[in-house]
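Peer 1: Protein chains in written order, with this note's numbering: chain A, -19 to 321; chain B, 106 to 370. Note that beta-carbon positions come from the ideal geometry of N, C-alpha and C, so glycine has one too.
(1) Quick one: is residue 321 of chain A near chain B, going by C-beta distance under 7 Å?
(2) Do you know offhand how far residue 305 of chain A's Cα is from residue 262 of chain A's?
(3) Below 9 Å on C-beta distance, what does residue 29 of chain A contact in chain B?
(4) Under 7 Å, Cβ to Cβ, is there at least one residue of chain B near residue 78 of chain A?
(5) Just the chain B side, please: which residues come within less than 9 Å of residue 82 of chain A by C-beta, in chain order?
(6) So residue 248 of chain A and residue 314 of chain A are in contact, right, with Cβ under 8 Å, and what is the actual spacing, rounded?
(7) Do residue -19 of chain A and residue 132 of chain A have their CB atoms nearer than 7 Å?
(8) I'd like the span of the alpha helix (DSSP H) that includes residue 289 of chain A, first residue to last.
(9) Taking residue 299 of chain B as the reference, give the member of B/343, B/330, B/244 and B/329 with the closest Cα.
(10) So, at 8 Å on beta carbons, what are the nonlocal neighbours of residue 207 of chain A in its own chain, with the 5 sequence-adjacent residues on each side left out?
(11) Measure the Cβ-Cβ separation of residue -13 of chain A and residue 48 of chain A and say whether it is below 7 Å.
(12) Please compile the residues from chain B whose C-beta is within a distance smaller than 7 Å of the C-beta of residue 58 of chain A.
(13) Nearest CA to the CA of residue 116 of chain A: which residue from A/93, A/193 and A/145?
(14) Please list, in chain order, the chain B residues whose beta carbon lies closer than 8 Å to that of residue 328 of chain A.
(15) Given that a residue counts as buried once 16 or more other Cβ atoms are within 10 Å of its Cβ, and exposed if not, what is residue 78 of chain A?
(16) Have a look at residue 62 of chain B and residue 57 of chain A and give me their C-alpha separation to the nearest angstrom.
(17) Rounded to the nearest angstrom, what separates residue 127 of chain B and residue 142 of chain B at their Cα positions?
(18) Let's see if you can read the secondary structure: which residues bound the beta strand (DSSP E) around residue 12 of chain A?
(19) What number of angstroms, rounded off, separates the C-alpha of residue 370 of chain B from the C-alpha of residue 362 of chain B?
(20) Chain B beta carbons: is any one of them nearer than 7 Å to that of residue 71 of chain A?
(21) Using a Cβ-Cβ cut-off of 7 Å, state whether residue 291 of chain B counts as contacting chain A.
(22) Around the Cβ of residue 54 of chain A, are there at least 16 other Cβ atoms within 10 angstroms (buried) or fewer (exposed)?
(23) Relative to chain C, which residues along the stretch 183 to 211 of chain A have a C-beta separation below 8 Å, given in chain order?
(24) Taking only beta-carbon positions, decide if residue 176 of chain A is within less than 7 Å of chain B.
(25) Using a Cβ-Cβ distance under 7 Å, would residue 64 of chain A count as near chain B?
(26) Using 10 angstroms around the beta-carbon of residue 194 of chain B, count the other beta-carbons present and answer buried if the total reaches 16, otherwise exposed.
(27) Leaving out five residues on either side along the sequence, give the residues of the same chain with a beta carbon under 7 Å from the beta carbon of residue 301 of chain A.
(28) So, does the CB of residue 129 of chain A fall closer than 7 Å to a CB anywhere in chain B?
(29) Using a Cβ-Cβ cutoff of less than 7 Å, which residues in the same chain neighbour residue 308 of chain A once the five nearest sequence positions on both sides are dropped?
(30) Near residue 249 of chain B, what residues of its chain come up, given a Cβ to Cβ distance below 8 Å and the 5 sequence neighbours on each side ignored?
(31) Give, in chain order, every residue of the stretch 120 to 145 of chain A whose Cβ lies closer than 9 Å to some Cβ of chain B.
(32) Anyone know if the C-beta pair for residue 194 of chain A and residue 205 of chain A falls short of 7 Å?
(33) Check the Cβ of residue 68 of chain A against every Cβ in chain B and list those closer than 7 Å, keeping chain order.
(34) Quick one: does residue 52 of chain A have its CB under 7 Å from some CB of chain B?
(35) Looking at residue 234 of chain B and residue 318 of chain B, is the spacing between their C-beta atoms short of 7 Å?
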């Protein structure tokens, strides 16, 4: 089902939470809503599901206007961060709850529940009470329950954030395989950049209740539309300079840039620095932090600009070492200079 | 281990505090003559039981009116309490603080003042000396307790599960009955028992508002206690306690049955 959100504004307790959000999610697409906490991601999901009433704007699902419909008639299911299983029911009763609401007979819905439970790798767990389940097991029951509703649109509200790191990877893989299998239009809310980039077909960046940028993971990461979008993904250093005669000049590099003349900011990502014994840039190691699979090294250029770069494994550097690098800027990311920053 | 012992001691003390007076009631109701310093009655008699069952007061009618008043008050007070609790803990509206305060107001006003005042109002409404008037006053007496018990459990449960049920296709009424109510049942049971026992033991308000025409077990029992016939007072007290316990057990059994049926649906 195709979701179209148009110029949606929501205010809660007199405070503007969403300011004119417009977004399209295509049939069968997996879209991530990425943004810092408090940016309005969860409010957007709840508004689409009908739990919160918008102040203005439209929500359409396959052309049908949803704005006047109560939540239980929208066919939009949210999988909440806090899981929300019904504690007085067994796993199978939880999973079959949406079917019970649709009037499916007891035997048939319990059969379907067992089938769905085995899809989320909990075969035969139906008769157990959910109170004794672990976090990951609860999350999988909740996922099966959401699928049982056969939603027109599935909304996932940070479903992995309450789980252990190991479990999280498992659940992500499970969600993706179920998405491929059921081909359900899905929106995932997350503040985890890697999760958004690795799971979805498109990423929408939400800042302060408005969509900052929306595109494929490569687009939003490699070509951030604003400085804020670039900063959010981290690992980037911004250098101020200016464009004159088709060239961008700053203290470190000069690059071709077909932009109108003026003051610009160049955004450098850590992976643009390539270590090479004969490289033209000499950077001094300022700090080394070992983090297990990688080591984070802080490097200073001659003019004092600080960069952070991750090296695989336990990198053999210490503070004071001088390393040489090439700088491969590729397609440079330049923003008009924002004064006051 | 140590805590276990303390807990057992406490339980034993509590049981003693309840069972010992009850045992004394049993002895008194069967005593024909029991004077100081005898440890046990000197002569026994079944006079009080005969008086209770076949005496001047019709026990079954008394029990019937007391129990129906009590159950009615319990049901109404719990229903109104549940609606108030939901309004106060799940919704925002102007004057919410006032509603909360007004719900607790009957606790702050002395019973005598309340009964005299409400009697005047009921006289005007034509409800004085009627069972409906007494029921109304009993509900008002029990309401603060029901509201505060049910507000606590409703606020603790919150609206999150109903939200989840709604997006899974349950309308508001079904979401409440299928999801919230089973979770609230312990609170509902407390409220029912509390309201029942409050209504069951009302004396002063029943006397004033019912004008002596609405007879309850408590109304008949109190003069015996004051009149000095300890044996008769004791047998009434036993009947009173026994019937109240019976109704509480009945409430619990009904709710268990309802929950089992809910599971199978």
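Peer 2: According to the structure shown:
(1) With a pLDDT of 47 at residue 321 of chain A, under the threshold of 50, the predicted position of this residue should be treated as unreliable, though the coordinate-derived value follows. Cβ-Cβ to chain B under 7 Å: no for residue 321 of chain A.
(2) 7 Å
(3) 268, 271 and 272
(4) yes
(5) 274
(6) Rounded, the Cβ-Cβ distance is 11 Å, inconsistent with contact.
(7) yes
(8) No alpha helix (DSSP H) contains residue 289 of chain A, which is instead part of the beta strand (DSSP E) from 286 to 292.
(9) B/244
(10) 218, 245, 247, 315, 318 and 321
(11) no
(12) 272
(13) A/145
(14) Chain A is shown only over -19 to 321; residue 328 of chain A falls outside these bounds and no answer can be derived.
(15) buried
(16) Given a span of 106 to 370 for chain B in the structure shown, any question on residue 62 of chain B remains unanswerable.
(17) 20 Å
(18) 10 to 14
(19) Reliability of the predicted coordinates at residue 370 of chain B is poor, the pLDDT of 49 falling under 50, and no value is obtained from them.
(20) no
(21) no
(22) buried
(23) The structure shown has no chain C; the protein chains it does contain are A and B.
(24) no
(25) yes
(26) buried
(27) 265
(28) yes
(29) 252 and 254
(30) 208, 209, 210, 211 and 212
(31) 122, 125, 126, 128, 129, 131 and 135
(32) no
(33) 287 and 288
(34) yes
(35) yes
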